[in-house]
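These notes concern the structure reproduced below.
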Amino acid sequence: MVGTAGTTGIQRLVVVGFILCAAGRALLIPLFGSVDEVNHLDYAFQLWHGQWPDFFEGPVIPGAGPKTPLSVQAVSQHPPLFYLIMAPFAGPLTDSFGVLVAGLAARAVNVLLGAAAVAMIGYAARVAFPKNRLLAPVATLIAATCCSMLGVAGAVYNDTLATALTAACIALTFQFIRSGPSRRRWILLAVVCCAALLTRLSLMVVVAVCMAAVVAEGIARGAGRDRWGRWTSLANAVLVGALVALSSGWFYLRNLHLTGTITGGHPEWAAEHFNTVAVSVGELAMRPETWQRLLSLFVPVPALGRVGLLLILVPAACGLGAGVLAIARKQVTKADIVVVGLLGVEAVLIVAMQLKYSAGGGGLHPRYLLPTLLTLAVVMAGGLTCSRRLAGVATGAWLAAWAVFFVRWWWQQAQQFSASPDGGFPAWPVPATVLLCAGLVVWTGAVIRIGGLGRFRSSTTGK
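Per the working numbering, residue 2 is the first one in the sequence shown, and the count goes up by one each step.
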């Protein structure tokens, strides 16, 4: 269990636990029991039948429920990559077996996409700080226990694919920073950037920051690498930008044609029907409830926002403190500082963009901050592993504190939906709870192995 083989084994174990818990979540909550799930599944259903969803026409998939003045296609402004992945399940299965079978199949696919996102976050953490063997498995566990990630993976939401592509883009950028460019890395970066902008417009921030970092790396260290030297990275970045524009620009031009903006939103409709009020970004940022809601990533309901803040802030404060101490002791390299800066800039821009959106009347949903999950996972994992010898104890204590609230919420949902299924669709709380228990056992095993790895490395380094 020493070295990379040991840490990757723990990470695989954590991902298995995530699959079990997310699959349980898919069986615990009835289909369309999550807000907007019907819209995501309907988008895929309509694509399969050769048509684009229309905001004002609303969902047309069978089982969507009766039409009301608020029955709009609320995700029609999103680009189609996620829905093309879901279309072979949403379309033919709905037509042949009904929407329930199609919805459960799409949820199963989304569980795997969520697992890919968690695995990619763990991989990005390992590439970010390869010398800290404990960081990657603990960061993977933190990402896996993110309630928002479990929620979207156990339903049909495009946040899973968006989070996976975010982590992949940043991981590739870390490879550029640590090891320099290669043809393979440029090709992978181009593919990931195109896929990101075909999934969510908000990922433009991630793509822009990563491309800027790659170009800066080339200008700073690229002299003498090849014929173009320090300007090769800039030329390649322009080419990647052109490919992104060609692959996804058509969709955003379509949004512009239909709604007057590339985002494709309908703020006037929302203001009329939901009585939303625009406020300044500064005013929104000063409200404590803003952060309690947005940072409710690790608790199952926003009502536990204060607990959610503690679950983030305690390990994050320790992680930031350990980072400052390492800098003061000159235990970090320039590449380490660049990696930290990239994570910080990306997270700040994502949060700022979300605040601007919410200040204009948009919702304060914690899942909108899932693109920052990599940054949170790395910082929190840094805090839980700042003492290698105590890493297993600290990680286990954090997992236990998280489980107290998550298991209680799960039990409440199981009781509710075993008595009265919501929306006419059934739930399966007993097998769901069995899967949850299995996932918790797997995660406990991963924590034990983290503790063993931490004690081993402490004994070999004399710390």
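Glycine included, each C-beta is placed from N, C-alpha and C at the ideal position.
If you run the structure through DSSP and keep just helix, strand and coil, what is residue i?
i: VAL16; result: helix
i: PRO182; result: coil
i: VAL73; result: coil
i: PRO1; result: This structure gives no information on residue 1, because the portion of the chain shown stretches from 2 to 464.
i: ARG390; result: coil
i: THR233; result: helix
i: ALA354; result: One point to set straight first is that residue 354 is Met, not Ala, in the sequence displayed. Three-state result, MET354: helix.
i: LYS335; result: helix
i: LEU29; result: helix
i: PRO430; result: helix
i: ARG330; result: coil
i: GLN78; result: coil
i: HIS366; result: coil
i: PHE130; result: coil
i: ALA318; result: helix
i: GLN527; result: There is no way to answer for residue 527, as the model of the chain reaches only from 2 to 464.
i: LEU454; result: helix
i: VAL110; result: helix
i: VAL341; result: helix
i: TRP227; result: In the sequence as displayed, the identity of residue 227 is Asp instead of Trp. If DSSP states are grouped into helix, strand and coil, ASP227 belongs with coil.
i: LEU101; result: helix
i: HIS41; result: helix
i: ALA24; result: helix
i: VAL36; result: coil
i: TRP399; result: helix
i: PRO372; result: helix
i: GLN47; result: helix
i: PHE309; result: Correcting the residue identity first, residue 309 is Gly in this sequence and not Phe. It is helical.
i: TRP53; result: coil
i: LEU135; result: coil
i: PRO67; result: coil
i: GLY383; result: helix
i: GLY7; result: helix
Report, in whole angstroms, the separation of the C-beta atoms of residue i and residue j, which I expect to be a contact under 8 Å.
i: ARG368; j: VAL153; result: 6 Å
i: ILE122; j: ALA447; result: 15 Å between Cβ atoms; not a contact.
i: TRP410; j: VAL302; result: 6 Å
i: VAL300; j: VAL210; result: In fact, because the Cβ distance is near 28 Å, the residues do not count as touching under 8 Å.
i: ASN133; j: THR386; result: 7 Å
i: ALA238; j: VAL215; result: 6 Å
i: LEU254; j: LEU298; result: Actually they are not in contact, since the Cβ atoms of LEU254 and LEU298 sit about 34 Å apart, beyond 8 Å.
i: VAL73; j: PHE57; result: 6 Å
i: ALA378; j: VAL282; result: ALA378 to VAL282, Cβ: 26 Å. No contact.
i: ARG390; j: ARG330; result: The pair is not a contact, with the Cβ atoms about 18 Å apart (cut-off 8 Å).
i: THR174; j: LEU343; result: 6 Å
i: LEU310; j: LEU296; result: 6 Å
Confirm, please, whether the CB-CB distance from residue j to residue i is below 9 Å.
i: GLN78; j: THR277; result: no
i: MET381; j: GLY320; result: yes
i: PHE33; j: ALA65; result: yes
i: SER468; j: VAL431; result: In the structure displayed, the chain extends from 2 to 464; residue 468 sits before or after that span and is not available.
i: ALA125; j: LEU454; result: no
i: LEU356; j: THR291; result: yes
i: VAL119; j: MET150; result: yes
i: ALA279; j: ARG26; result: no
i: VAL16; j: ALA169; result: no
i: PHE245; j: ALA191; result: According to the sequence shown, residue 245 is Val rather than Phe. It is a contact, given that the beta carbons lie within the stated cut-off.
i: LEU28; j: ALA428; result: yes
i: ASN31; j: PHE407; result: Before going further, note that residue 31 is Pro rather than Asn in the sequence given. No, they are not a contact pair.
i: GLN176; j: VAL128; result: yes
i: HIS366; j: ARG294; result: yes
i: PRO81; j: LEU113; result: no
i: ASN159; j: PHE83; result: yes
i: PRO268; j: GLY362; result: yes
i: VAL443; j: LEU14; result: yes
i: ARG108; j: VAL139; result: no
i: ALA24; j: GLY155; result: yes
i: MET1; j: VAL241; result: Outside the modelled stretch of the chain, which goes from 2 to 464, sits residue 1, for which no answer is possible.
i: GLY18; j: LEU441; result: yes
Quick check on residue i - is its C-beta less than 9 Å from some C-beta in chain B?
i: SER281; result: Protein chain content of the structure displayed is limited to a single chain, and chain B is not contained in it.
Please indicate yes or no: does the CB of residue i lie closer than 8 Å to some heavy atom of the ligand FAD?
i: VAL112; result: What this structure holds is no ligand at all, so the ligand FAD is not there to describe.
Touch test, the segment 51–61 against the segment 181–195, Cβ-Cβ under 8 Å, three pairs minimum:
no
Say whether the segment 160–172 touches the segment 192–211, bearing in mind that this needs 3 or more beta-carbon pairs closer than 8 Å, one atom from each stretch.
yes
The segment 351–359 touching the segment 201–221, judged by at least three CB pairs closer than 8 Å
yes
Would you call the segment 38–49 and the segment 87–104 in contact, with 3 or more CB pairs under 8 Å?
yes
Under 8 Å, with one C-beta from each stretch per pair, do the segment 304–315 and the segment 329–342 reach the 3-pair mark?
no
Validate contact between the segment 372–386 and the segment 436–444 using beta carbons, cut 8 Å, 3 pairs
no
Spell out a yes or no on whether the segment 271–286 and the segment 221–236 are touching, meaning 3 or more CB-CB pairs, one atom from each, closer than 8 Å.
no
Identify every run of the alpha helix (DSSP H) within the segment 144–206, keeping only runs that are complete inside it and at least 4 residues long; order them along the chain.
148–154, 160–180 and 184–198
Taking only runs that begin and end inside the segment 235–305, name each unbroken beta strand (DSSP E) of 3 or more residues, in chain order.
Here no run is fully enclosed.
Examine the Cβ distances between the segment 137–151 and the segment 97–106 and report whether three or more of them are shorter than 8 Å.
no
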